[in-house]
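Per the UniProt record's numbering, the sequence shown runs over residues 1 to 212. Remarks on the structure that follows.
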Amino acid sequence: MEWTERQQRIVEIVKDSGSITGEKIAAMLNLTRATLRPDLTVLTMSGVLVARPRVGYSYREDLGPSPIMERMLQLRVCAFKSMPVTVLEDASIYEATVAMFTQNVGSLTVVGADRILLGMISRKDIMKASLGKIDLQQVPVGVIMTRMPNIYMTTLDEPVLSAAKKLVQHQVDSLPVVEGYVDESGNECYEVVGRFTKTNVTKLFVEIAETR
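In structure tokens form, the structure reads like this:
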């Protein structure tokens with residue numbers, strides 16, 4: 001797997017230290033522990049680092065895949081995805097806000113006809129719009145959404161470890177799960193069939209821990 005520059009730096013620090021706490025790693029990188037947590041999670045999941053209570057992190061000399069990584073490489077997104085929470089492109093920002101909070105989600109997938117992926121809208125997008133001088137009940141979400149091709153997504157057959165890494169690297173709450181196809185005009189389209197979220201990953205960790 002390819003690591004980010006920061007993740008590579010973390011591995012170097014742990015190698016040089018033998019064992020070190022997350023707090024000390026964060027201090028060496030001038031970051032908060034919370035900021036570093038996703039990177040440490042990925043590195044631990046993949047078996048590069050070993051986490052021990054009251055000891056900290058150590059480098060795993062045996063670079064073979066860890067049991068957790070082996071399990072996650074076998075599992076696919078299709079088995080753990082959630083139902084998609086979508087909104088139409090012409091829905092108002094106000095309607096999207098209501099949908100986001102009633103469904104208790106951090107982002108919405110914007111779709112067109114036949115559930116084709118058009119964009120994503122986050123709480124941050126809505127907050128920015130709310131601070132502006134616009135009528136939330138009149139302006140459609142299409143005005144503020146992130147559009148294709150600047151959307152991170154996953155597929156039904158992608159390993160959950162790969163999808164989880166996308167969540168961490170791109171700092172997003174969820175990925176739309178899509179099935180791609182080419183329409184009659186030769187355009188590549190993506191039908192939204194689910195969503196893969198940080199909550200899905202957490203539930204998966206709990207399941208793996210309880211079955212070991």
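Here a beta-carbon is modelled for each residue, glycine too, at the ideal position from N, C-alpha and C. Fair warning: this is a prediction, and the values are worked out from it, not measured in the lab.
Per the Cβ contact rule, the segment 191-199 is in contact with the segment 75-84 (3 or more Cβ pairs under 8 Å). Listed in chain order, the beta strand (DSSP E) runs fully inside the UniProt domain "CBS" (145-211) are 174-182 and 188-197, counting runs of at least 3 residues. Ile20 carries a strand assignment under DSSP once its states are collapsed to helix, strand and coil.
Within the UniProt domain "CBS" (80-136), the complete beta strand (DSSP E) runs of at least 3 residues fall at 86-88, 107-111 and 117-122. Distance from Val105 to Glu95 at the Cβ level is roughly 14 Å; contact not present, criterion being Cβ atoms closer than 8 Å. Judged by DSSP in its simplified three-state form, Arg76 adopts strand. In the structure shown, the three-state DSSP call for Gly47 is coil.
The alpha-carbon of Leu161 is positioned some 33 Å away from that of Ile93.
Judged by their CB atoms, Val11 and Val50 are not nearer to each other than the 9 Å cut-off. Judged by DSSP secondary structure, Gly56 falls within the beta strand (DSSP E) whose first and last residues are Gly56 to Tyr59. In terms of Cβ geometry, Arg9 and Leu40 do not form a close pair [threshold 9 Å]. About 7 Å separates the beta carbon of Thr97 from that of Leu136, a gap short enough to meet the 8 Å contact definition. About 7 Å separates the Cβ atoms of Gly18 and Ser58, confirming a contact at the 8 Å cut-off. Each of Ala129, Glu207, Ile121 and Glu179 was checked against the Cα of Asp157, and the nearest Cα belongs to Glu179.
Bridge pairing for Pro140: Ser92 [DSSP]. For Glu207, there are no CB contacts under 6 Å within the same chain when 5 residues up- and downstream are skipped. With 16 or more neighbouring CB atoms inside 10 Å of its own CB, Pro176 falls in the buried class.
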